[in-house]
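Undergrad: Quick one: the structure is below, questions incoming.
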Amino acid sequence: TELPDLVVVGSGFFGLTVAERCAADLGLKVLVLERRHHLGGNAYSEFEPETGIEVHKYGTHLFHTSNERVWEYVNRFTDFTNYQHRVFGKYQGQVYSLPMNLALINSFFGKSHTPDEARALIAEQSSEIDTKDATNLEEKAISLIGRPLYEAFIKGYTAKQWQTDPTELSADIITRLPVRYNFDNRYFNDKYEGLPVDGYTAWLERMADHPNIEVRLNTDFLSADGVADEFKGKVPIVYTGPVDEYFDNSEGRLSWRTVDLRTEILDVDDYQGTGVVNANDADVPFTRELEFKHLHPERAASYTPGRTVVVREFSRFAEEGDEPYYPINTAEDRAKLLKYRDLAAKEPMVLFGGRLGTYKYLDMHMAIAAALSMYDNKLRPHFADGAELK
Ligand code: FDA
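Under full-length UniProt numbering, think of the first position of the sequence shown as 5, with each following residue one higher.
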């Protein structure tokens, strides 16, 4: 069979951006290999058939960016709603407005504060520990926001996220814990924000919808039956899978956290009144509850009345075979990553990208921006001008 001009491993935002640019801008024949049964990587979503509600299969995905080029690029494939993300947090039977702001401080301390009064209160409460003396995450957090807010909004949540007591976690995990001394509760402060009008999958499919792009699903590049051998050394490859797996974990496995998502369809019209509510109590086993219908209020007429989809997130360390979600990035991980980067730099005709290929948490807009840079700086010069692919 005829070889493509370029093989892209992984059909997430990184891989599809590279594939789309090379196919549409340079007219190259691109083969995208995807080991899952669907394209789109972690941004993939499905409309739950009983309720008509779009469910993000790998956790909530909110699109936001301040990058003009990315915004222009993504608008070629989808329109966006005017959704603005807001998050709430439950603690001891009360619901608070996050991120930490004046509304939260007022309701938590049961009294109204001016911005200056709130600032003085938090300064006083955080004076218990000097930030430079903090030896663990708990002390660091107390030194930044004081003990009462730490115990309510950071301690239980962090312990569940990491499955580790915050006194055992490194102080480096947090650098700041921003408190807003106003009532602003928008979660993101980017210039552009919204959700794809027809859903994530429609957006991702439009990126791949080009006669020069072939997507082959259920195809693991690293599978034992030798898919890699068909292409390695013969055509340029952009690999967006896990970098450690590519090298057969020769330097050891990089550590990740994963999230178990448990979905329930409930016989209520509205379960929690908003899309995301954090569970701050230590004795509630999940970290968040997601109610997807609230991400698209404009679709209300298409939803089955009296029903809703709720997803609960349970965070834990990823074992072999789990979906890797958040890099843990210990000192050991960083040492391994440096060795993998050396190996990657020597791998002929293979470029590593995306969140798995670089072991970095990337928001969607960052994955797209990084893919556009790889296209500009490496792929286009190689294919259009014959530059060496490195
Ligand atoms: P992605 O993981 O999407 O794609 C990689 C693809 O490669 C996968 O489809 C995988 O199956 C495939 N693959 C791997 N190995 C392979 C192999 N050997 N052979 C073939 N295929 C292989 N961002 C944001 O902007 N707003 C948000 O709200 C969120 N929310 C969010 C929640 C959670 C829980 C997570 C984990 C992440 C987010 N994100 C996010 C980040 C977002 O998911 C991320 O930016 C994109 O997934 C990055 O796209 P990539 O293409 O890099 O990876």
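In this text, a Cβ means the ideal position worked out from N, Cα and C, and glycines have one as well.
1. With a CB to CB cut of under 6 angstroms and the five nearest residues on each side skipped, what residues in its chain are close to residue 154?
2. Of the choices 288, 262, 266 and 298, whose alpha-carbon is the least far from that of residue 276?
3. With respect to the beta strand (DSSP E) encompassing residue 265, which residues constitute its N-terminal and C-terminal limits?
4. Closest by CA to residue 4, which one among 97, 208, 126 and 94?
5. Does DSSP put residue 119 in a helix, a strand or coil?
6. Compute every distance between the C-beta of residue 266 and the non-hydrogen atoms of the ligand FDA, then say whether any falls below 7 angstroms.
7. Which complete beta strand (DSSP E) runs does the stretch 312–375 hold, if anything under 3 residues is left out?
8. Do the CB positions of residue 36 and residue 217 come within less than 8 angstroms of each other?
9. Please go through the same chain and pick out, in chain order, the residues whose beta-carbon is closer than 6 angstroms to the beta-carbon of residue 160, but skip the five residues on each side of it.
10. By a C-beta neighbour count over all protein chains shown, 10 Å radius and 16 as the cutoff for buried, is residue 256 buried or exposed?
11. From the DSSP output, in three-state form, read off residue 230 for me.
12. Would you mind giving the Cβ-Cβ distance between residue 200 and residue 82, rounded to the nearest angstrom? I have them listed as a contact below 8 angstroms.
13. Check the C-beta distance from residue 244 over to residue 44 and give it rounded, since I have them as a contact under 8 angstroms.
14. Check residue 65 in the structure and name its three-state DSSP category.
15. Over what stretch of residues does the beta strand (DSSP E) that includes residue 93 continue unbroken?
16. Based on Cα-Cα distance, which residue from 80, 46 and 382 lies nearest to residue 66?
17. Do residue 8 and the ligand FDA come close, with the Cβ less than 7 angstroms from some heavy atom?
18. With a Cβ-Cβ cutoff of 8 angstroms, do residue 293 and residue 281 count as a contact?
19. Report the residue ranges of all beta strand (DSSP E) runs contained in full by the stretch 162–200; include only those spanning at least 3 residues, in chain order.
20. Got a sec, what are the start and stop residues for the beta strand (DSSP E) residue 60 sits in?
21. Measure the beta-carbon distance from residue 356 to residue 247 and round it to whole angstroms, keeping in mind my assumption that it falls under 8 angstroms.
22. Assuming residue 106 contacts residue 122 (C-beta within less than 8 angstroms), just tell me the rounded distance between them.
TA: In short, the structure shows the following:
1. Excluding residues within five positions, the ones whose Cβ falls inside 6 angstroms are 145 and 146.
2. Relative to residue 276, the option among 288, 262, 266 and 298 whose CA is nearest is 298.
3. Element bounds for residue 265: 260–270.
4. The structure shown does not extend to residue 4, since the chain is modelled only from 5 through 394, so no value can be given for it.
5. Residue 119 carries a helical assignment under DSSP once its states are collapsed to helix, strand and coil.
6. Result no, Cβ not under 7 angstroms from the ligand FDA.
7. Listed in chain order, the beta strand (DSSP E) elements of length 3 or more contained wholly in the stretch 312–375 are 312–321 and 354–356.
8. Yes. Within cutoff.
9. If the five residues before and after residue 160 are omitted, its C-beta is found closer than 6 angstroms to the C-beta atoms of 284, 285 and 286, all from its own chain and listed in chain order.
10. Counting Cβ neighbours within 10 Å, residue 256 comes out exposed, since fewer than 16 surround it.
11. The answer is coil: DSSP assigns residue 230 none of H, G, I, E or B.
12. Taking a contact as a CB-CB distance under 8 angstroms, the pair residue 200 and residue 82 counts as one, their CB atoms being some 4 angstroms apart.
13. That pair is no contact at about 12 angstroms.
14. The answer is coil: DSSP assigns residue 65 none of H, G, I, E or B.
15. Residues 91–95.
16. Each of 80, 46 and 382 was checked against the Cα of residue 66, and the nearest Cα belongs to 46.
17. For the ligand FDA, not one heavy atom lies less than 7 angstroms from the Cβ of residue 8.
18. Residue 281 sits close to residue 293, with the two beta carbons spaced by under 8 angstroms.
19. Counting whole runs of 3 or more residues, the stretch 162–200 contains the beta strand (DSSP E) stretches 196–198.
20. For residue 60, the enclosing beta strand (DSSP E) covers residues 57–60.
21. With 8 angstroms as the limit, residue 356 and residue 247 qualify as a contact, their Cβ atoms being about 6 angstroms apart.
22. Cβ-Cβ separation between residue 106 and residue 122: approximately 6 angstroms, consistent with a contact (criterion under 8 angstroms).
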